[in-house]
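A.B. asks:
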Amino acid sequence: PGSIEQKIGYFYESGMNEAAVDAAGIQPLQPVLRAISQIMTQPQLVDYLDASFAKGQGGLFAFGSGADFKNAKMQIGYAFQGGLGLPTPDYYTQPEHAKLREQYL
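First residue of the sequence shown? That's 122 in our numbering, and the numbers climb one at a time after it.
1) Does the separation of the CB atoms of glycine 177 and glycine 203 fall below 9 Å?
2) By how many angstroms is the C-alpha of serine 124 removed from the C-alpha of isoleucine 210?
3) Who are the Cβ neighbours of methionine 137 in its own chain at under 8 Å, not counting the five residues just before and after it?
4) Could you round the C-beta distance between glycine 185 and phenylalanine 201 to whole angstroms and report it? I think they count as a contact, below 8 Å.
5) Checking the sheet assignment: what are the DSSP bridge partners for alanine 200?
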């Protein structure tokens, strides 16, 4: 309830309350982690991604618009990879990161 300004304030405060975030730990993520762990087939993955995008959540890829590199006066559509969880692509491929990669994956 409340004005849009009040809702924005509540949203901002929720991220600034570090004690509450720390106390909650990963509990708020458990439903998502459970849903992901139950994906066993391609159709299940498609269904999960479909539901995620319908909620406005990202996934394996994202879409957006931006200035054309060759003509800055023109806006064009872009498709992006959804992001890396590790700092750089090297963490996924280089032998020196094998232990960290094993723990991560």
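Even for Gly, the Cβ is constructed at its ideal location relative to N, Cα and C.
C.D. replies: According to the structure shown:
1) Your numbering for residue 177 matches position 56 in the sequence shown. Your numbering for residue 203 matches position 82 in the sequence shown. No.
2) Position 89 of the sequence shown holds residue 210. Position 3 of the sequence shown holds residue 124. The sequence shown places proline at residue 210, not isoleucine. Spanning the two alpha carbons is a distance of roughly 43 Å.
3) Taking the sequence shown and counting its residues from 1, the one referred to as residue 137 is at position 16. In its own chain, leaving out the 5 sequence neighbours on each side, no residue places its CB closer than 8 Å to the CB of methionine 137.
4) For the purposes of this step, residue 185 is taken as the residue at position 64 of the sequence shown. For the purposes of this step, residue 201 is taken as the residue at position 80 of the sequence shown. Rounded to whole angstroms, the Cβ separation of glycine 185 and phenylalanine 201 is 7 Å, and the two are in contact under 8 Å.
5) Your numbering for residue 200 matches position 79 in the sequence shown. Phe184, per the DSSP bridge assignment.
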